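The numbering of the sequence shown is the UniProt record's numbering, which starts it at 1 and goes up by one.
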Amino acid sequence: MNYELSGSGSPVVLIHGLFGNLDNLKTLARALEKAHTVIRIDIPNHGQSEHTQKMGYDDLAFKVISLLDSLNIGRCHLVGHSMGGKIALATALYYPERVQSVIAVDISPVAYAQRHNDVFNALLSMPLPQIANRQQALQHLLQKGLDEGTSQFLLKSLAKNENGFYWKMNLRGLRECYQDLILWTVKDQVYSGPTLFVRGGDSDYIQLSHKQEILRQFPNTEAKTIQGAGHWLHAQKPVIFNKIVAEFIEKHDC
């Protein structure tokens with residue numbers, strides 16, 4: 001997997017969500033890198049990482065551990081947003097001896113209904129050869145019914161070379177793997193290490209009905225809610241979000 005490394009100290013791995021890339025949690029990385037070695041990764045089918053037709057959470061957890069092995073890192077803290085949160089949780093369940101603490105940002109270890117079909121349709125229908133600039137790309141997404149905030153986030157994965165615009169994401173691969181990403185099949189394992197779930201007060205990704213499943217697999221759990229923030233709470237409320245994450249990691253950095 002493609003990654004960027006910064007800072008020094010105990011290692012923290014930051015894992016972005018669906019349709020994102022390693023720059024999504026860059027503000028958090030800057031807040032942590034004075035005391036930690038921060039590794040930001042591009043998940044397969046995103047950014048500059050490999051394209052693949054397989055994205056089960058067992059395989060993604062293995063890839064995280066393989067990266068740690070290549071960097072000679074024994075244990076680390078894991079922070080993941082949305083899909084990245086599920087990857088962080090799965091890694092802790094499969095490889096608990098390698099995970100010092102885990103923070104899941106606005107996601108629960110449960111199966112979700114499909115909620116990205118409009119996004120896939122808008123992205124896959126983008127007429128890239130006819131797009132002359134990013135404004136045209138934005139207008140296409142808006143015309144397909146996406147809001148501006150979501151559109152601007154998605155356009156962070158739009159790049160340009162001598163042949164024109166292209167998506168860094170492997171959209172067709174993600175579409176094929178999507179059902180695996182919204183499911184949660186890691187059912188039998190338990191991670192007893194320190195775990196924090198951070199939710200946006202305006203988001204519906206973490207619900208009260210998830211509490212029993214969360215505590216069953218992550219019995220040593222704390223929870224925080226950031227009011228006035230939605231699913232992208234790390235971008236909407238960065239100061240308080242960074243503070244919550246940093247304080248939790250420091251508390252369990254031993």
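Ideal Cβ positions, reconstructed from N, Cα and C, are used throughout, including at glycine. All figures in this text were calculated on a predicted structure; none of them were measured in a lab.
| request: Just grab the DSSP bridge partners of Ile40 for me. | output: Locating residue 40 in the sequence shown gives position 40, counting from the first residue. The sequence shown places Arg at residue 40, not Ile. Partner(s): Glu4 and Leu14.
| Would you say Leu141 and Ser157 are within 8 Å of each other, going by their C-beta atoms? | As a position in the sequence shown, residue 141 is number 141, starting the count at 1. As a position in the sequence shown, residue 157 is number 157, starting the count at 1. No, Cβ-Cβ distance for Leu141 and Ser157 is not below 8 Å.
| request: Out of Ala35, Asp59, Pro44 and Ser6, point me to the one whose CA is closest to Thr185's CA. | output: Walking along the sequence shown from the start, residue 185 turns up at place 185. Of Ala35, Asp59, Pro44 and Ser6, the smallest CA-CA separation from Thr185 is found for Asp59.
| Rounded C-beta distance between Leu233 and Gly200? I'm assuming under 8 Å. | Against the sequence shown, residue 233 aligns to sequence position 233. Against the sequence shown, residue 200 aligns to sequence position 200. Right, their Cβ atoms sit about 4 Å apart.
| query | Which one or two residues does DSSP pair with Phe165 in a beta bridge? | reply | Taking the first residue of the sequence shown as position 1, residue 165 is located at position 165. Beta-bridge pairing links Phe165 to Lys160.
| Element boundaries [alpha helix (DSSP H), containing Ser151] | Within the sequence shown, numbered from 1, the residue matching residue 151 stands at position 151. In the DSSP assignment, Ser151 falls within the alpha helix (DSSP H) that extends over Glu148 to Leu154.
| request: Have a look at Ile39 and Pro129 and give me their C-alpha separation to the nearest angstrom. | output: Counting from 1 along the sequence shown, the entry for residue 39 is found at position 39. Counting from 1 along the sequence shown, the entry for residue 129 is found at position 129. Their backbone Cα atoms lie some 35 Å apart in a straight line.
| query | Going by other Cβ atoms of all chains shown within 10 Å of its Cβ, with 16 needed for buried, is Pro11 buried or exposed? | reply | Residue numbering aside, residue 11 sits at position 11 when the sequence shown is read from its first letter. Its Cβ being crowded by 16 or more others within 10 Å, Pro11 is buried.
| So who's on the other strand from Phe197, going by DSSP bridges? | Here the question's residue 197 lines up with position 197 in the sequence shown. In the DSSP output, where bridge partners are listed per residue, Phe197 has Ala104 and Ala223.
| message | My output table needs one value for Gly80: the three-state DSSP class, helix, strand or coil. | response | Stepping through the sequence shown from its first residue, residue 80 is reached at position 80. Three-state DSSP puts Gly80 in a strand.
| What's the gap between the Cα of Pro127 and the Cα of Pro219? | If you number the sequence shown from 1, residue 127 lands on position 127. If you number the sequence shown from 1, residue 219 lands on position 219. One Cα belongs to Pro127, the other to Pro219, and the distance between them is close to 48 Å.
| query | Which residues share a DSSP beta bridge with Val99? | reply | The residue labelled residue 99 in the question sits at position 99 within the sequence shown. According to DSSP, which records beta bridges pairwise, Val99 is partnered with Cys76.
| task | Report the rounded CA-to-CA distance for Leu124 versus Lys144, giving the unit in angstroms. | result | Walking along the sequence shown from the start, residue 124 turns up at place 124. Walking along the sequence shown from the start, residue 144 turns up at place 144. Near 11 Å, if we compare the C-alpha coordinates of Lys144 and Leu124.
| task | Just mark Lys237 as buried or exposed, buried being the case when its beta carbon has 16 or more other beta carbons within 10 Å. | result | Locating residue 237 in the sequence shown gives position 237, counting from the first residue. Under this definition Lys237 is a buried residue.
| Taking the continuous alpha helix (DSSP H) assigned at Phe241, which residues delimit it? | By 1-based counting over the sequence shown, the position of residue 241 is 241. Counting along the chain, Phe241 sits inside the alpha helix (DSSP H) bounded by residues Pro238 to Lys251.
| said: Looking at the secondary structure, which residues open and close the alpha helix (DSSP H) in which Phe120 lies? | reply: Taking the sequence shown and counting its residues from 1, one reaches residue 120 at position 120. In the DSSP assignment, Phe120 falls within the alpha helix (DSSP H) that extends over Asn117 to Leu124.
| From what residue to what residue does the alpha helix (DSSP H) around Val64 run? | Numbered from 1 along the sequence shown, position 64 holds the residue referred to as residue 64. First-last of the alpha helix (DSSP H) with Val64: Tyr57 to Ser70.
| field | Continuous alpha helix (DSSP H) stretch holding Ile206: start and end | value | One-based indexing of the sequence shown puts residue 206 at position 206. DSSP places Ile206 in no alpha helix (DSSP H); its state is neither H nor E.
| query | Going along the chain, which residues of its own chain have a beta-carbon closer than 7 Å to the beta-carbon of Leu181, five neighbours each way excluded? | reply | Numbered from its first residue, the sequence shown carries residue 181 at position 181. Leaving aside the five residues that flank Leu181 on each side, the residues in its chain whose CB is nearer than 7 Å to its CB run, in chain order, Leu18, Met55 and Met83.
| query | So, helix, strand or coil for Gln53, using DSSP? | reply | Against the sequence shown, residue 53 aligns to sequence position 53. Coil at Gln53, not helix or strand.
| CB-CB length for Thr37 against Leu5, believed under 8 Å | The count along the sequence shown starts at 1 and reaches residue 37 at position 37. The count along the sequence shown starts at 1 and reaches residue 5 at position 5. That pair is a contact at about 7 Å.
| query | How many whole angstroms separate the CB atoms of Ile87 and Ile15, which I take to be in contact at a CB cut-off of 8 Å? | reply | Along the sequence shown, read from residue 1 onward, the residue named residue 87 stands at position 87. Along the sequence shown, read from residue 1 onward, the residue named residue 15 stands at position 15. The Cβ separation is near 5 Å, so the contact holds.
| message | Applying the 10 Å Cβ sphere with the 16-neighbour rule, what's the burial state of Ser66? | response | Residue mapping note: residue 66 aligns to position 66 of the sequence shown, counting from 1. The residue in question, Ser66, is exposed, as its Cβ has fewer than 16 Cβ neighbours within 10 Å.
| request: Classify Asn121 as buried or exposed, calling it buried when 16 or more other Cβ atoms lie within 10 Å of its own Cβ. | output: For the purposes of this step, residue 121 is identified with residue 121 of the sequence shown, where counting begins at 1. Asn121 counts as exposed, since fewer than 16 other C-beta atoms from the protein chains shown sit within 10 angstroms of its C-beta.
| message | Mapping the DSSP letters down to three states, classify Pro129 as helix, strand or coil. | response | Taking the sequence shown and counting its residues from 1, one reaches residue 129 at position 129. DSSP places Pro129 in helix when its eight states are reduced to three.
| said: Out of His51, Gln53 and Tyr178, which one is the CA nearest neighbour of Ala119? | reply: The residue you call residue 119 lines up with position 119 of the sequence shown. The question names Ala, but residue 119 is Val in the sequence shown. Residue nearest to Val119 within the set His51, Gln53 and Tyr178 is Tyr178 (criterion: CA-CA distance).
| field | Which of helix, strand or coil DSSP assigns to Leu215 | value | The residue labelled residue 215 in the question sits at position 215 within the sequence shown. It is helical.
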